[in-house]
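Going by the numbering used here, the first residue of the sequence shown is number 1406, and it counts up by one from there. We put the CB at the ideal spot given by N, CA and C, even for glycine. Heads up, the thing below is written out as structure tokens.
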Amino acid sequence: MDIKELEPGFSICHAIYPSDMAELKSRGFRAIICNRMPGEAEDHVDDSALRQAAEAVGIEWVEIPVTPGEYTPEVIEAFGAAIERLPTPILGFCRSGRRAVSLWIHNQMQQATCDIGPLLQAAHAAGHDLHEQKDTFINR
């Protein structure tokens, strides 16, 4: 697994599998946010096997499915609520990690004094160049 920390308490990763849960637990993760859409790929029919594997090792599980590029206010709000509620550290994931990092930026941009520059730098350091999408991350 290629886990990248975006900030203390929140990291992202590409697709994970039930067999990864013991390692994620040993790395200290206490919660996982899944941003994959049910049925988006043969290896992700739904989140039931992942959810069961996470819960079996004591990791909290939240599913916030997102179609790539479609970050609605409702999805951003659900992500923000999960970040506030879940124990840290949290792992956000999707197929490549891009939706997870995009949601993290959208959530951070909800703060009145947020600066997009460091967020884009963190995304880039995690392997996701989102500079071309910077105008989509609106400070609300």
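Among all the DSSP beta bridges, which residues are the ones paired with residue i?
i: E1410; result: S1416
i: L1496; result: S1416, I1437
Hey, out of the options, whose CA is closest to residue i's CA?
i: A1483; options: K1409, H1511, A1458, P1473; result: H1511
i: H1447; options: L1429, E1468, A1420; result: In the sequence as presented, His is not what sits at residue 1447; that position holds Glu. Looking at the Cα atoms, A1420 is the closest of the given residues.
i: I1364; options: E1428, Q1513, P1478; result: Absent from the model: residue 1364. The displayed extent of the chain is 1406 to 1545, so no value can be given.
i: Q1526; options: P1478, E1412, D1407; result: E1412
i: P1494; options: K1409, V1480, G1474, F1415; result: F1415
i: G1444; options: L1491, R1503, V1471; result: V1471
i: D1451; options: E1460, A1461, N1440; result: N1440
i: G1463; options: W1509, I1469, M1426; result: M1426
i: L1455; options: Y1422, R1500, I1469; result: Y1422
i: Q1515; options: E1460, L1496, A1486; result: A1486
i: G1502; options: S1453, C1418, E1428; result: C1418
i: Q1457; options: P1473, V1506, P1492, S1424; result: S1424
i: T1477; options: L1508, L1491, R1490, K1409; result: L1508
i: A1436; options: E1410, L1496, I1408; result: L1496
i: V1465; options: E1475, P1492, G1474, S1453; result: It is Glu, not Val, that sits at residue 1465 in the sequence shown. Minimum Cα distance to E1465 is reached at P1492.
i: E1475; options: D1520, V1467, A1505, R1490; result: A1505
i: A1461; options: K1409, E1428, E1410; result: E1428
Is DSSP giving residue i helix, strand or coil here?
i: I1488; result: helix
i: V1471; result: coil
i: I1421; result: coil
i: M1426; result: helix
i: Q1526; result: helix
i: R1432; result: coil
i: S1501; result: coil
Rounded to the nearest angstrom, what separates residue i and residue j at their Cα positions?
i: R1545; j: F1498; result: At R1545, the pLDDT of 49 sits below 50, so the modelled position is not reliable; the number obtained from the coordinates is stated separately. Distance between the alpha carbons of R1545 and F1498 is about 24 Å.
i: I1469; j: V1480; result: 7 Å
i: R1500; j: M1442; result: 9 Å
i: K1430; j: I1438; result: 14 Å
i: G1433; j: A1459; result: 13 Å
Complete alpha helix (DSSP H) runs within the segment 1442-1466 (minimum length 4 residues, chain order): 1453-1461
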